[in-house]
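Student: Mind looking over this structure? Questions follow.
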Amino acid sequence: MKGSTVRDGDTGRRLAALPNRQVLADTVYEQIRTLIMNHGIAPGDRVNIDEIARELAVSGTPVRESLARLESEGLVSRLPLRGYRVTELLTRREIDDLYALRLLLEPASTARAAAAMTDAHAAALLAELSTCPSAPAGDGYEGYKALTAHDARLHELILRIAGNQAVEQAFVRTHCHLHFFRLSYNQPVGEQTIDEHRKIVDALISGKPNPAKAAMTHHLETARDRLLSRF
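Position one of the sequence shown corresponds to residue 6 (the numbering used here), numbered consecutively onward.
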């Protein structure tokens, strides 16, 4: 495979072989996902199923199952009769379009969530904040995986509190957090993201819709501008 960057010591392996007891679909999936997020397979390159299966010491079945899951996230696409390829990184236009959608859906939903705030909702938001209290020290996906997952969970939780399942499902289907973090891992950005999350949660817990809406709008516009500035 071209574009390989993930290595295992001096063996030339990009993936660590898994003991038999750990050969589970979720583990294989996470290994391949990490490989893609770290550009171990370059965007646009084909995925060699046999090679990955050999490096993980598994059959091709869990590899194919993992690729089907990754296809649903938009990280790989299926090529008719030719397996899978890693999808290209988001373009400037695609980033702009995704944030335009989010700005339509999330600030208004955040205002509704603030109006619907209960003690249980506040506790859930604070609990989610505690899962990622600070930015990771590393600059790769392994370090930023927790922040990526937290980012997605917090935004989904706010939409759930707002109570519109259609909006929540539309947001989840974009898998936007994975694709945004795939573009860049950066320590200051991580710190800024967590600080903005705290401000959103504080505004939500206050139960005041307008400050909550403003905090979400600021967060999304700032995140969009940070990404677009890299182009």
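The C-beta atom is built at its ideal place from N, Cα and C for all residues, glycine as well.
Just so you know, these numbers come straight off a predicted model, no measurement behind them.
Whose CA, out of Gly-45, Thr-96, Leu-110, lies closest to the CA of Arg-235?
Tutor: Thr-96
Student: Return the chain-ordered ranges of every alpha helix (DSSP H) run that is complete within the segment 46–94 and spans a minimum of 4 residues.
Tutor: 54–61, 65–77
Student: Could you work out which residue in Glu-70, Tyr-149, Ile-163 is closest to His-184 when comparing CA atoms only?
Tutor: Tyr-149
Student: In the structure shown, what three-state DSSP assignment does Ser-114 receive?
Tutor: helix
Student: Can you tell me whether Lys-218 is helix, strand or coil according to DSSP?
Tutor: helix
Student: Looking at the secondary structure, which residues open and close the alpha helix (DSSP H) in which Arg-158 lies?
Tutor: 146–167
Student: Is His-44 helix, strand or coil when you go by DSSP?
Tutor: coil
Student: Excluding the 5 residues preceding and the 5 following Ala-30 in the sequence, name in chain order all residues of the same chain whose CB lies nearer than 7 Å to its CB.
Tutor: Pro-67, Glu-70, Ser-71
Student: In terms of alpha-carbon separation, which member of Ile-210, Ser-211, Leu-233, Lys-204 lies closest to Thr-222?
Tutor: Lys-204
Student: Taking the Cβ atom as the reference point for each residue, do Val-91 and Ile-41 lie within a distance shorter than 9 Å?
Tutor: yes
Student: Flag this pair as yes or no: are the beta carbons of Ala-157 and Thr-136 separated by less than 9 Å?
Tutor: no
Student: Between which two residues does the alpha helix (DSSP H) containing His-126 stretch?
Tutor: 124–135
Student: Rounded to a whole number of angstroms, what is the C-alpha to C-alpha distance between Lys-218 and Leu-188?
Tutor: 27 Å
Student: Pop quiz: Ser-114 and Leu-164 are said to be a contact at Cβ under 8 Å. What is the actual Cβ separation, rounded to whole angstroms?
Tutor: 5 Å
Student: In angstroms, rounded to a whole number, what distance separates the CA positions of Gln-170 and Leu-159?
Tutor: 15 Å
Student: For Ala-228, which of Ile-199, Asp-207, Ala-120 has the nearest alpha-carbon?
Tutor: Distance check between Ala-228 and each of Ile-199, Asp-207, Ala-120 places Ile-199 closest, using alpha-carbon atoms only.
Student: Output yes or no for whether 9 Å exceeds the beta carbon distance between Gly-88 and Arg-51.
Tutor: yes
Student: Quick check on this structure: which residue in Leu-134, Glu-133, Leu-109 has the alpha carbon closest to the alpha carbon of Glu-173?
Tutor: Restricting attention to Leu-134, Glu-133, Leu-109, the CA atom closest to the CA of Glu-173 is found in Leu-109.
Student: Cα separation between Pro-138 and Thr-123?
Tutor: Rounded to the nearest angstrom, the two C-alpha atoms are 23 Å apart.
Student: I think Leu-209 touches Leu-130, with their Cβ atoms under 8 Å apart; what is that distance to the nearest whole Å?
Tutor: 6 Å
Student: To the nearest angstrom, how far is the alpha carbon of Asp-102 from that of Thr-179?
Tutor: 11 Å
Student: Please confirm whether Ala-127 and Gly-195 have their CB atoms less than 9 Å apart.
Tutor: no
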